[in-house]
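*Asks:*
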Amino acid sequence: MAGSLEGHFAAWANKGYDIAVLSLLLDNPDDTQPAQIASADTWRTQFGITSGYVGVDPMFQMVPGNMVGTPQISVINPRTMEVLLLQEGWDGDYPPIVEQTAQANQ
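Residue numbers (the working numbering): 858 to 963.
1. Contact between the stretch 862-877 and the stretch 940-959 is defined here as three or more beta-carbon pairs at a separation below 8 Å; is this criterion met?
2. Could you tell me the alpha carbon to alpha carbon distance between R936 and S908, rounded to whole angstroms?
3. What residues match up with Q929 in a beta bridge as DSSP calls it?
4. Under 9 Å between the Cβ atoms of I954 and L941?
5. Within the continuous beta strand (DSSP E) that includes G912, where are the two ends?
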């Protein structure tokens with residue numbers, strides 16, 4: 858997922874879509890302890906991320922309840938702030954609603 862992000866940004870830009878992605882880390886990249894600011898830098902370097910945003914959530918504030926399947930994809934309409942999709946797990950591509958929302962908001 859993270860390793861293919863830059864390719865997705867390029868494809869979206871070619872289609873004229875202005876899509877923002879926030880990667881939120883719960884653990885350090887080595888999964889040994891809660892994420893720290895340095896974890897975001899490591900993640901960016903490890904996956905060559907130059908676009909989008911990387912943040913950390915060491916206290917699991919964004920985890921609904923007491924468990925979450927990772928990765929979790931949340932699609933939010935920036936015009937209305939409505940959560941359009943919560944998807945746990947990765948099937949190899951971003952769901953179509955990402956591009957559909959970008960197209961509708963052009």
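By construction, the Cβ of each residue, glycine as well, lies at the ideal position given by its N, Cα and C atoms.
*Replies:* Walking through what the data contain:
1. yes
2. 21 Å
3. E945
4. yes
5. Y910 to V913
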